[in-house]
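Numbering (the working numbering), first residue to last: 19 to 340.
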């Protein structure tokens, strides 16, 4: 198994965030998660690099509410500061080498970097945005323009696209979809998870039209493409990891004693690493045999709320931490 992983912890003061959720969870009786108030201050946050074999954090950076993570070809670590709605690139010495802001960045959740282009989910605006490193918009898909026009209070959502939304707050219950992860599916399609609807969408970039390719998910996150014919998805509220084939049929699921599967990835050795958020742990599951089994666990503080995990190579680490 590869030894090194980047992990984002969106809060290092989770008890404070949890109290906020419980206090302002207005629609829980309808089975709808989310709040009608913006995040409280002083939630902290941290991005780390974990040596899995030694179970040791070998690099860390304190960040305000970091969510999506990736890395660049020039050995910078890329991550979202969701509090300030910006994308940052830092070196191993923790110096900021790159910073990107945009008026349509709001409650950014996921990031995918390829060829000087970022694919992000701007959850606060129910928006998927593709943008280059200079800030030029290359593609936009607004859920509110594509059949998802009402927030969780059943009020029509209207968004003025000309405003600067980067300093505004649109809590989860005022969002139509809480779209929270997206990945490219070839050159012309995007896959995205809709938290409120429990959908996986496939969006045609040329036409903007979408198709619901998977339904009846529970608060999904983390859609990742493994190869041309396979995908892995976190069915978060369903407490399971699911594998999909090229037709988006479920071909395998992992359902252990997980509680809130925030993210899951297939590692280079074909094991699965699961961000088991409510159990405060990363779980390695061996899937090489007919019956999958948990083979290793990394526990972390109850005050650390995990968001995403990403595998990195030894070469990247060597160039990053010089």
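All residues carry an ideal CB built from backbone N, CA and C; glycine is no exception.
Option nearest residue 310 by Cα separation, candidates 320, 172, 336 and 270: Checked all of 320, 172, 336 and 270; the closest Cα to residue 310 is 270.
Contacts around residue 43, its chain only, beta-carbon distance under 8 Å, and the 5 residues preceding and following it disregarded: So the qualifying residues of the chain are 51, 52 and 53.
Proximity winner among 141, 79 and 182, relative to residue 120 (alpha-carbon distances): Looking at the Cα atoms, 182 is the closest of the given residues.
Run of the beta strand (DSSP E) containing residue 16, from where it starts to where it stops: No information on residue 16 is available, as it lies outside the stretch 19 to 340 that the chain covers here.
Contacting residues, own chain, Cβ-Cβ under 7 Å from residue 167 (five flanking each side not counted): These residues qualify, in order along the chain: 174, 175 and 194.
Option in 260, 137 and 274 with minimal Cα separation from residue 268: Minimum Cα distance to residue 268 is reached at 260.
Residues near residue 142 by beta carbon distance below 6 Å, same chain, minus five either side: Excluding sequence neighbours, residue 142 sits near 124, 125 and 188.
Neighbour flag for residue 296 against chain C, beta carbons, 8 Å: This model lacks chain C altogether; it includes just one protein chain.
Beta-carbon spacing of residue 197, residue 150 below 8 Å: Taking 8 Å as the Cβ cut-off, residue 197 and residue 150 do not qualify as a contacting pair.
Cutoff 7 Å; reference residue 329; Cβ partners in own chain excluding five residues on either side: These residues qualify, in order along the chain: 20, 23, 283, 285 and 286.
Whole-angstrom distance between residue 202 and residue 115, CA atom to CA atom: Taking the CA atoms as reference points, residue 115 sits about 26 Å from residue 202.
Paired residues, beta bridge with residue 84 - DSSP: Answer is 99.
Stretch-stretch touch, CB-based, cutoff 8 Å, three pairs: the segment 220-239 with the segment 84-94: When C-beta atoms of the segment 220-239 are compared with those of the segment 84-94, fewer than three pairs fall below 8 Å, so the two segments do not count as touching.
DSSP three-state assignment for residue 30, whether helix, strand or coil: Collapsing the DSSP output to three states places residue 30 in coil.
Paired residues, beta bridge with residue 64 - DSSP: In DSSP, residue 64 forms a bridge with 27 and 80.
Residue 180 vs residue 131 beta-carbon contact at 8 Å: Contact flag unset, no.
Element boundaries [beta strand (DSSP E), containing residue 132]: Where residue 132 is concerned, the enclosing beta strand (DSSP E) stretches over 126-132.
Proximal residues to residue 117 (C-beta, below 8 Å), its chain only, five neighbours per side dropped: The beta carbon of residue 117 sits closer than 8 Å to those of 104, 105, 106 and 107, all from its chain and outside the five residues before and after it, given in chain order.
Identified DSSP bridge partners for residue 275: Paired residue(s): none; residue 275 is not in a bridge.
Residue 234 - partner residues in DSSP beta bridges: When DSSP reads this structure, residue 234 sits in no beta bridge, so it has no partner.
Which of helix, strand or coil DSSP assigns to residue 255: In the three-state scheme derived from DSSP, where H, G and I count as helix and E and B as strand, residue 255 is classed as coil.
Whole runs of the beta strand (DSSP E) within the segment 113-172, excluding any shorter than 3 residues: Secondary structure in the segment 113-172: the beta strand (DSSP E) runs of 3 residues or longer, each lying completely within the stretch, are 114-118, 126-132, 135-140, 145-150 and 155-160 in chain order.
Buried or exposed (CB count within 10 angstroms, at least 16 for buried), residue 331: By the neighbour-count rule (16 or more Cβ atoms within 10 Å), residue 331 is not buried but exposed.
Among 65, 233, 160 and 312, nearest to residue 215 - alpha-carbon criterion: The candidate whose alpha carbon is nearest that of residue 215 is 233.
Cβ-Cβ separation, residue 128 to residue 139 (assumed contact under 8 Å), whole Å: In this structure residue 139 touches residue 128 by the C-beta definition: roughly 5 Å separates them, less than 8 Å.
Nearest-angstrom Cβ-Cβ length linking residue 1 and residue 244, presumed shorter than 8 Å: Lying outside 19 to 340, the shown extent of the chain, residue 1 is not represented and no answer is given.
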